[in-house]
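Counted the way mature numbering (1 follows the signal peptide of the UniProt record, and there is no 0) counts, the sequence shown spans residues -26 to -1, 1 to 514.
All residues carry an ideal CB built from backbone N, CA and C; glycine is no exception.
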Amino acid sequence: MRKQKLSIVALGAFMGLMACGSPVLAEPGWAAAGNDLKNSRFQADETRITAKTVGGLQLKWSLTTTGDVTANPAVEGQYLYFPDSAGFLYKVDRITGALVWKRPISDYTGIAGDFARATPAIAGNALILGNQSGKFLGTAFGQPNPQPARVFAVDKASGNPLWSTQVDTTALSFVTHSAIVANGTAFVGTASNEELVAAFVPPEYWQWQFRGSVVALDVATGAIKWQTYTVPAGYFGGAVWGSTGAVDIKSNQVFMATGNNYAVPKIVLECLGGGGTAAACMSADNHFDSIIAMDMTTGAVKWAGRGLPPDVWNVACGLNTPGFTVGPWFPGVYGNCPNGNPATAGPDYDFAQGPIWLGGGLVGAGQKSGMFWAFDHKTGALAWSTQVAPGGVTGGLQWGSATDGNRIFVAVANSGPSSAGGGVGALPWTLKDGSVTTAGGWAALDRKTGAVLWTTKDPMGSRSEAAVSAANDVVFGCNLALGAGTMYALNAKSGQVLWSYNSGAPCNAGPSIVDGMVYWGSGTFISPGGPQKVFAFGLN
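Structure representation (structure tokens):
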């Protein structure tokens, strides 16, 4: 059945935002991070790119950007839309690669040095996305400038601002999440840099403030319709940052995924330290490391599913571990680790990607633990879970998986767990053929059972954190190789590598697939090195 396309949803709610002219090229497009309301990252409209033809992909054009591009471009008609880490939003002709306009994110938020890193959601004539407030290790070309997170809308024709709404009150909050739009509403999650900054402020000067939330905003005006927090008062963290959400119109539900607790009440730590379980020690509405189903109209939590023990962690917890580095300020301050006691610190196993509507009544997502979870969409009952690969502080499974309705495709980072240091302790991963690697790679699962169908290690022995995308019988993914990040096309049935392209820079973006073309960003300011570009690949 053909997917619901985000670019045509709820036209009546925002006709005033519609463009005056018609696009040169009609659908298909890629109108949000996950392409459709299911967050499938699958292009059902693709007819040209197949396992037989993908080896013929050639570079059609590339555009050098000011900063790294870690979001897959939004695509509609003749144009691409994407942000970069230097603080610009771009509109580019997708056929020629010509720049149409380029605007500073600060034009929309009023925050000097601001930037964005998520795929814009296309809604009528609006592009909707959130900001980073210049706080993730500072901006690419400036100093951190903490201000509360905002979501804003941009006229996609001109690049002019439409509205801007503050969605959190804490200074270190930001938005890494890509909005998903349905019924005239944009649903977006909030996150925070408190988890990192806690490692550099002595405990006597530190105060936890941030609680993750999901915000529903009116597409036409930016007015907040509802805001639901993922953890109760007195608990902190539960950020919603993993790529995007999914929507099921029929059941009136929006599905989101959350991260770990940064800190919890002292009495909870004491209970956990004494051997208590999460169920016994924690509030029932502390929805850490969870997939959450919410009522689209009210924001009420219908269910929240998770399967792992307590996860109370922040970056300070890693500072007592040999080899753990968090930047040029190392060694930092250890005292803000929960209770100053590593025995009660968790593994930092966020859901670092958004849920996918899998079909068959299931919704699921991959976790930094290396596990993929599938839950019943009505009750939240666990249907199955699969340990696909080793967990890690940046995955495990991160940024985004894809499904063609029968199989689920995942990228494996194998970055090393928090207890082994930030990415320096990659664990052995046993592949489907019995061989063992400490590299990342990709895998496919059976949608109904979770059984692993195939595994493919990264040919360069690197990490593969970026979201995957798929069309027909082809899966696209890339790696983080310094100065040599490579983009791959794999056979969806076997995992065989069919095509590759060395971008010259680490790749941490998923591609967008539209009308026989593949659009892909390069560079990651977490691991700099190499040119920053957006590439367009096509068949002759």
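Query raised in the report: Do the CB positions of F383 and S389 come within less than 8 Å of each other?
Result: Their beta carbons are not under 8 Å apart, which means F383 does not touch S389 by this criterion.
Requested in this report: May I ask you to report which of helix, strand or coil DSSP gives residue 516?
Outcome: Absent from the model: residue 516. The displayed extent of the chain is -26 to 514, so no value can be given.
Query - R15 and V442 closer than 8 Å at C-beta - result: Yes, the Cβ-Cβ distance between R15 and V442 is below 8 Å.
Query raised in the report: S147 to T204, Cα distance in whole Å?
Result: Just so you know, the alpha carbons of S147 and T204 end up roughly 14 Å apart.
Query raised in the report: Any idea what DSSP makes of A510, helix, strand or coil?
Result: Secondary structure of A510 (DSSP, three-state): strand.
Query - Cβ separation of residue 521 and G344, assumed to be a contact under 8 Å, to the nearest whole Å - result: This structure does not reach residue 521, given that the chain is present from -26 up to 514, and the question cannot be answered.
**Report entry** Distance CB(N514)-CB(G29) smaller than 8 Å
**Finding:** Cβ distance not < 8 Å, so N514 and G29 don't count as in contact.
Query - Assigned secondary structure, D81 (DSSP; H/G/I helix, E/B strand, else coil) - result: In the structure shown, D81 falls within a helical segment according to DSSP collapsed to helix, strand and coil.
Query raised in the report: Which residues in the same chain as E439 place their Cβ atom closer than 8 Å to its Cβ, once the five residues preceding and following it in sequence are excluded?
Result: Cβ neighbours of E439 beyond the five flanking positions: T368, G369, Q372, W373, A385, A387, S389, G414, L454, N482.
Report task. For the beta strand (DSSP E) holding I382, just list the boundary residues, first then last. Result -> 381 to 386 is the span of the beta strand (DSSP E), which, as asked, contains I382.
Query - Outcome for A290 when other beta-carbon atoms lying within 10 angstroms are tallied against a minimum of 16 - result: Here A290 is buried, its C-beta having at least 16 other C-beta atoms within 10 Å.
Query raised in the report: If we count the other Cβ atoms within 10 Å of its Cβ and call it buried at 16 or more, is Q470 buried or exposed?
Result: Exposed, since its Cβ has fewer than 16 Cβ neighbours within 10 Å.
Query - Proximity winner among T498, G497, A25, Y493, relative to W35 (alpha-carbon distances) - result: That would be Y493, whose Cα lies nearest to the Cα of W35.
Report task. Determine the extent of the beta strand (DSSP E) in which G247 is found, giving its start and end residues. Result -> For G247, no beta strand (DSSP E) run applies; the uninterrupted alpha helix (DSSP H) run containing it begins and ends at 240 to 247, by DSSP.
Query - The beta strand (DSSP E) enclosing C452, as first and last residue numbers - result: Its beta strand (DSSP E) spans residues 448 to 452.
**Report entry** Run of the alpha helix (DSSP H) containing V171, from where it starts to where it stops
**Finding:** Per DSSP, the unbroken alpha helix (DSSP H) holding V171 starts and ends at 168 to 171.
Query raised in the report: Cα separation between F349 and T83?
Result: Going from the Cα of F349 to the Cα of T83 covers about 37 Å.
Query - Rounded Cβ spacing between G186 and T218 (contact assumed at less than 8 Å) - result: No, G186 and T218 are not in contact; Cβ-Cβ is about 15 Å, not under 8 Å.
Query - Cβ neighbours of A252 in the same chain (closer than 7 Å, five flanking residues each side left out) - result: These residues qualify, in order along the chain: P283, P284.
Query - At least three beta-carbon pairs within less than 8 Å, the stretch 182 to 201 to the stretch 43 to 52 - result: Because the criterion of three Cβ pairs below 8 Å is not met, the stretch 182 to 201 and the stretch 43 to 52 do not touch.
Query raised in the report: What's the C-alpha gap between W358 and A425?
Result: Cα to Cα, the separation comes out at about 9 Å.
Query raised in the report: Can you list, in chain order, the residues of its chain whose CB lies under 6 Å from that of L458, leaving out five sequence neighbours each side?
Result: According to the sequence displayed, residue 458 carries Ala and not Leu. The beta carbon of A458 sits closer than 6 Å to the beta carbons of N476 from its chain, once the five residues preceding and following it are set aside; these are given in chain order.
**Report entry** Residues of its chain near T360, where Cβ-Cβ distance is below 7 Å and the 5 sequence neighbours each way are ignored
**Finding:** The beta carbon of T360 lies closer than 7 Å to those of M345, F346, L419, G424, V426 in the same chain, with the five residues before and after it left out.
**Report entry** Own chain residues within Cβ distance below 8 Å of R381, not counting five before or after
**Finding:** Spatial neighbours of R381 in its own chain (CB-CB distance under 8 Å, excluding positions within 5 residues in sequence) are listed in chain order as A418, L419, D420, R421, L427, A466.
Query raised in the report: Since A253 is in the alpha helix (DSSP H), which residue starts that stretch and which ends it?
Result: Under the DSSP assignment, A253 falls in the alpha helix (DSSP H) whose first and last residues are 252 to 255.
**Report entry** Identified DSSP bridge partners for Q140
**Finding:** According to DSSP, which records beta bridges pairwise, Q140 is partnered with R124.
Query raised in the report: Alpha carbon to alpha carbon, what distance is there between A156 and G512?
Result: It is roughly 31 Å from the alpha-carbon of G512 to the alpha-carbon of A156.
Query raised in the report: Along the chain, where does the beta strand (DSSP E) that runs through T429 open and close?
Result: Element bounds for T429: 426 to 431.
Query raised in the report: Sorted by chain position, which residues of the same chain lie with C-beta nearer than 8 Å to A(-1)'s C-beta, five sequence neighbours on each side aside?
Result: Because the pLDDT of A(-1) is 44, which lies under 50, any placement of that residue in the model is unreliable, and the question is left without a value.
Query raised in the report: Are D322 and W287 close, meaning C-beta to C-beta below 8 Å?
Result: Going by C-beta atoms, D322 is nearer than 8 Å to W287.
Query raised in the report: DSSP three-state call for E20: helix, strand or coil?
Result: Under the three-state reduction of DSSP output, E20 falls in the coil class, being neither helix nor strand.
Query raised in the report: Would G212 be called buried (16 or more neighbouring beta carbons within 10 Å of its own) or exposed?
Result: G212 is classed as buried because its beta carbon has at least 16 other beta carbons within 10 Å across all chains shown.
Query raised in the report: Taking Cβ positions, are A339 and I265 nearer each other than 8 Å?
Result: A distance below 8 Å separates the beta carbons of A339 and I265.
Query raised in the report: Do the stretch 18 to 26 and the stretch 483 to 492 touch if we need at least three Cβ pairs shorter than 8 Å?
Result: Yes, the stretch 18 to 26 touches the stretch 483 to 492.
Query raised in the report: For G369, which of helix, strand or coil comes out of DSSP?
Result: Note: G369 maps to strand in three-state DSSP.
**Report entry** CB of G71 within 8 Å of CB of D88, strictly
**Finding:** Not in contact: G71 and D88 (Cβ atoms no closer than 8 Å).
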